[in-house]
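Below is one structure, written out as structure tokens, with a few remarks after it.
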Amino acid sequence: MLKKQYYSYSLLVPGMLIFTVFFLVPALMSFYFAFTNWDASFTVTRHVGFDNFKTLFENEENVLAFKNTFIFAAVTSFFKVFLGLLLAILANQMIKSRLILRSVLFFPVILSSVAVALAFNAIFHPGKGLLNTALRSVGLDSLAMSWLTDPSIVIYSVAFVEIWKFTGMSMVLFLAALQSVPQDVIEAGKIDGASPLKMFRYVTLPMLKPVLNTNIILSVIGGLKVFDLVYALTGGGPGNSSSVINTLVYKSFATGRNGEGTAANLVLFLIVLITVLLLNKIINRNTSR
Amino acid sequence: MRKGTKLFLELIALLCSAVIAVPLYFIIVNSFKTKAEAADLSLKLPTDWNIIENYRNVFESAQIPMAFWNSLVITFFSVLFIIVFCSMSAFVIQRRDSKLTRIITQILVVGLILPGSIITTYYVMDFLNLVRTYAGVILLFIAGNYALMTYLYISFLQGIPKELDEAAIIDGSGKYRLFFRIIFPLLLPVNASVLILAAMTVWNDFLTPFYFLNTADRYTLSLAIYLFFGQKSADWNLVFSVIVIVSMPVILLYMFMQRFIIAGMTSGAVKS
Numbered sequence: 007m008l009k010k011q012y013y014s015y016s017l018l019v020p021g022m023l024i025f026t027v028f029f030l031v032p033a034l035m036s037f038y039f040a041f042t043n044w045d046a047s048f049t050v051t052r053h054v055g056f057d058n059f060k061t062l063f064e065n066e067e068n069v070l071a072f073k074n075t076f077i078f079a080a081v082t083s084f085f086k087v088f089l090g091l092l093l094a095i096l097a098n099q100m101i102k103s104r105l106i107l108r109s110v111l112f113f114p115v116i117l118s119s120v121a122v123a124l125a126f127n128a129i130f131h132p133g134k135g136l137l138n139t140a141l142r143s144v145g146l147d148s149l150a151m152s153w154l155t156d157p158s159i160v161i162y163s164v165a166f167v168e169i170w171k172f173t174g175m176s177m178v179l180f181l182a183a184l185q186s187v188p189q190d191v192i193e194a195g196k197i198d199g200a201s202p203l204k205m206f207r208y209v210t211l212p213m214l215k216p217v218l219n220t221n222i223i224l225s226v227i228g229g230l231k232v233f234d235l236v237y238a239l240t241g242g243g244p245g246n247s248s249s250v251i252n253t254l255v256y257k258s259f260a261t262g263r264n265g266e267g268t269a270a271n272l273v274l275f276l277i278v279l280i281t282v283l284l285l286n287k288i289i290n291r292n293t294s295r
Numbered sequence: 078m079r080k081g082t083k084l085f086l087e088l089i090a091l092l093c094s095a096v097i098a099v100p101l102y103f104i105i106v107n108s109f110k111t112k113a114e115a116a117d118l119s120l121k122l123p124t125d126w127n128i129i130e131n132y133r134n135v136f137e138s139a140q141i142p143m144a145f146w147n148s149l150v151i152t153f154f155s156v157l158f159i160i161v162f163c164s165m166s167a168f169v170i171q172r173r174d175s176k177l178t179r180i181i182t183q184i185l186v187v188g189l190i191l192p193g194s195i196i197t198t199y200y201v202m203d204f205l206n207l208v209r210t211y212a213g214v215i216l217l218f219i220a221g222n223y224a225l226m227t228y229l230y231i232s233f234l235q236g237i238p239k240e241l242d243e244a245a246i247i248d249g250s251g252k253y254r255l256f257f258r259i260i261f262p263l264l265l266p267v268n269a270s271v272l273i274l275a276a277m278t279v280w281n282d283f284l285t286p287f288y289f290l291n292t293a294d295r296y297t298l299s300l301a302i303y304l305f306f307g308q309k310s311a312d313w314n315l316v317f318s319v320i321v322i323v324s325m326p327v328i329l330l331y332m333f334m335q336r337f338i339i340a341g342m343t344s345g346a347v348k349s
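This is how it looks when you write it as structure tokens:
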């Protein structure tokens, strides 16, 4: 018991204090201000009950932002995890190009989203961008589109950039797990005459389960919270066609509707919370079976 | 593996690498061209190499060198404080099993998952007169990274035996000496991971300076290149040069400390 004094709470104070003031307190405050008519000068004159939330869900532009957020999170998570797994398996084979694959795929992960977004503004250029030029050169002229200006596909174009940038991250996590599969287990399987497919299904996949769960949860959270990439690529446009919750929050803030913006932020908060709890439940049910 | 299968896999691997590598090559090669040539947005090598002119041009546009300096200052201090404060917190949380530390562990999990509340944060910053100050954004970066980085330290500290603390105490170490002289030097590998992860996050961050540092002479580089693009979108050669400039520092960090990035990301991800 004497030892307690050596692990003094005073060491905890600076970090915890900053975290409390600049993260926890604002988070708790949002439960109050989301129900007020908080304006540009941060004054509250009225408590409006659920009016801010009603505006969020009744206004079509806002509903689109929510829909886009879900589409973005779902599409990017699916491809990041699926492609990441396939690429990790590929990079784990005894092939010469595996080192190239590993280092090249991880490279965009470290770049800033804004820099990547600016580059893709050029790559997506409808007339002379790389993507359309490549499609035309292989005869797929009909697939060459106005990636960032066609309202019906723009959110998928943004999702494509996210997948391009972050698949390497999920690949690296899978690869680390693949390499930790003990060699003697693999040998034993081979001696028993298991086919490569069976080996994967019954030996490798169960061992990948924890990192698979992590990857799914990380991608979904990241997708729901997206801001930089959308803002720098399209600003939420054309019109509102690629807006997401976080660009909605910014728009409310920029136009002085702080109560509404806080409500939108609170909804994002709850969506992330519920999604993580649901995913965890699904995952735990699958593992216990 | 059969020879045919192997060749096929090699091809797929190279193709996938090309999907990532070609856009990267595209950025670099176009930053070497003249304005007219870069406007074609092609993959061709420049006929007229314009490297020095482009980069000089970018560095002469007053915002960029200043923004580079701002980013450097903010990243340096944020990372420094993240390393010191998170390791201190983690030491107490991991070593001491009390009601309080158990509650804090729960709060950190919440902090790892949930998004921050931006507008109320702005209100707090405004109240404390910290909007548009370096100190303000540095504090926000510490708060934003606190949960994850403290977690990285906690999982590393689990591998350092408590017997070591006892030995140090018997030798007469006080509580601060125990942490800063005995424990902290042992954290070198995790310090390296935290350093590079935090440096990359802070350097690349757009949202925080976008909301909280919105005044021309305090722009960070990620904000400055975004605005630069708004003004000079016709000068693709300069836009690509700016992209290369903002990426250079993280690329250098990556090249020298690759091992620690992967280690940090893997342990951080598995913990969370």
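So the protein sequences, as listed, match chains D and S. Per our numbering, the very first residue in the first sequence carries number 7; after that it's consecutive. Per our numbering, the very first residue in the second sequence carries number 78; after that it's consecutive. Where a beta carbon is used, it is the ideal one built from N, C-alpha and C, also for glycine.
If you follow the alpha helix (DSSP H) that R104(D) is part of, which residue opens it and which one closes it?
Here residue 104(D) refers to the residue found at position 98 when the first sequence is read from its first residue. For R104(D), the enclosing alpha helix (DSSP H) covers residues R104 to F112.
Check: Given K348(S), which residues of its chain have a CB within under 6 Å of its CB, disregarding the five upstream and five downstream residues?
Finding: On the second sequence, residue 348(S) is found 271 positions in, with the first residue counted as 1. The predicted position of K348(S) is uncertain, since its pLDDT is 49 and thus under 50; no value can be drawn from it.
Measuring straight from C-alpha to C-alpha, what distance separates L70(D) and P32(D)?
On the first sequence, residue 70(D) is found 64 positions in, with the first residue counted as 1. On the first sequence, residue 32(D) is found 26 positions in, with the first residue counted as 1. Rounded to whole angstroms, L70(D) to P32(D) spans 27 Å at the Cα level.
Practice item. Pull up the CB-CB distance for A150(D) and N138(D), whole angstroms please, since I reckon it's below 8 Å. Key: On the first sequence, position 144 is the one that residue 150(D) refers to. On the first sequence, position 132 is the one that residue 138(D) refers to. Yes, A150(D) and N138(D) are in contact; Cβ-Cβ is about 4 Å, under 8 Å.
Interface residues of chain S around Y162(D) at Cβ under 7 Å? Start at 1 with the first residue of the first sequence, and residue 162(D) comes out as number 156. Chain order gives no chain S residues near Y162(D), where near means a beta carbon separation below 7 Å; the closest approach is about 17 Å.
Can you give me the C-alpha to C-alpha distance between K171(D) and L96(D), rounded to a whole angstrom?
Position 165 of the first sequence, counted from the start, is the residue given in the question as residue 171(D). Position 90 of the first sequence, counted from the start, is the residue given in the question as residue 96(D). If I take the Cα positions, the gap works out to 19 Å.
In terms of alpha-carbon separation, which member of T155(D), P132(D), V273(D) and L154(D) lies closest to D147(D)? For the purposes of this step, residue 147(D) is identified with residue 141 of the first sequence, where counting begins at 1. With distances taken between Cα atoms, D147(D) lies closest to P132(D).
Discussion item. Using 8 Å for Cβ pairs, my map puts V319(S) next to I105(S). What's the rounded Cβ distance?
Written reply: Here residue 319(S) refers to the residue found at position 242 of the second sequence. Here residue 105(S) refers to the residue found at position 28 of the second sequence. With 8 Å as the limit, V319(S) and I105(S) do not qualify as a contact, their Cβ atoms being about 13 Å apart.
_Taking DSSP's pairing of strands, which residues face H53(D) in a bridge?_
By one-based count along the first sequence, residue 53(D) stands at place 47. Looking at the DSSP assignment, H53(D) forms a beta bridge with T42(D).
**Request:** Just the C-alpha distance for L234(S) and T278(S), rounded to the nearest angstrom, thanks.
**Result:** As a first step, residue 234(S) is located in the second sequence; it is residue number 157 there, counting from the start. As a first step, residue 278(S) is located in the second sequence; it is residue number 201 there, counting from the start. CA-to-CA, the gap between L234(S) and T278(S) works out to about 23 Å.
### Segments of 4+ residues assigned as alpha helix (DSSP H) that fall wholly inside the segment 240-305 of chain S
As far as the segment 240-305 of chain S is concerned, its whole alpha helix (DSSP H) runs of at least 4 residues are 265-281 and 284-289.
request  = Leaving out five residues on either side along the sequence, give the residues of the same chain with a beta carbon under 8 Å from the beta carbon of K266(D).
outcome  = Numbered from its first residue, the first sequence carries residue 266(D) at position 260. In the sequence as presented, Lys is not what sits at residue 266(D); that position holds Glu. Cβ neighbours of E266(D) within its own chain (closer than 8 Å, five residues either side excluded): N58, T61, L62 and S258.
Residue span of the alpha helix (DSSP H) that contains P202(D), given as start and end
By one-based count along the first sequence, residue 202(D) stands at place 196. Counting along the chain, the alpha helix (DSSP H) containing P202(D) begins and ends at P202 to M205.
field: Rounded separation between S152(D) and S247(D) - CA only
entry: For the purposes of this step, residue 152(D) is taken as the residue at position 146 of the first sequence. For the purposes of this step, residue 247(D) is taken as the residue at position 241 of the first sequence. Roughly 14 Å between the two C-alpha positions.
Is L120(S) helix, strand or coil by DSSP? Within the second sequence, the letter at position 43 stands for residue 120(S). Shown here, L120(S) sits in coil according to DSSP, grouped into three states, outside any helix or strand.
| In whole angstroms, what is the alpha-carbon distance linking A293(S) and E137(S)? | Within the second sequence, numbered from 1, the residue matching residue 293(S) stands at position 216. Within the second sequence, numbered from 1, the residue matching residue 137(S) stands at position 60. Rounded to whole angstroms, A293(S) to E137(S) spans 16 Å at the Cα level.
Q. Counting Cβ pairs closer than 8 Å, one from the segment 160-167 of chain S and one from the segment 197-212 of chain S, do we hit at least three?
A. No, the segment 160-167 of chain S does not touch the segment 197-212 of chain S.
Original post:
Ends of the alpha helix (DSSP H) at T139(D)?
Top reply: The residue given as residue 139(D) occupies position 133 in the first sequence. Its alpha helix (DSSP H) spans residues L136 to S143.
Notebook entry, point to check: Residues of chain D with CB under 7 Å from R172(S), in chain order?
Noted result: As a first step, residue 172(S) must be located in the second sequence, where it is residue number 95. Residues of chain D passing the Cβ test: Y13.
Quick check on the DSSP output: the alpha helix (DSSP H) that includes N252(D) runs from which residue to which? Taking the first residue of the first sequence as 1, we reach residue 252(D) at position 246. In this chain, the alpha helix (DSSP H) harbouring N252(D) covers I251 to A260.
| Residues in its own chain within less than 6 Å of D125(S) by CB, not counting five upstream and five downstream? | Sequence index remark: in the second sequence, residue 125(S) carries index 48 (1-based). Apart from the 5 residues on each side of it in sequence, D125(S) sits with its Cβ closer than 6 Å to the Cβ of T111 in its chain, given in chain order.
Exercise. Any beta-carbon of chain S closer than 7 Å to the one on M7(D)?
Worked result: Counting from one through the first sequence, the residue named residue 7(D) turns up at place 1. In this prediction, M7(D) scores a pLDDT of 43, lower than 50, which makes its location untrustworthy; no coordinate-derived value is stated.
| said: Against chain S, does D190(D) count as a neighbour if the rule is that its beta carbon must be under 7 Å from one of theirs? | reply: Indexing the first sequence from 1 puts residue 190(D) at position 184. Chain S contact via Cβ: absent.
Margin query: Beta carbons nearer than 8 Å to chain S: which residues of the segment 225-250 of chain D have them?
Written below: Of all residues in the segment 225-250 of chain D, I227, L230, K231, F233, D234, Y237 and A238 have a Cβ within less than 8 Å of some Cβ in chain S.
Taking all protein chains shown into account, decide if L23(D) is buried (16 or more other Cβ within 10 angstroms of its Cβ) or exposed.
Walking along the first sequence from the start, residue 23(D) turns up at place 17. Residue environment: L23(D) is assigned as exposed (fewer than 16 neighbouring CB atoms within 10 Å of its CB, all protein chains considered).
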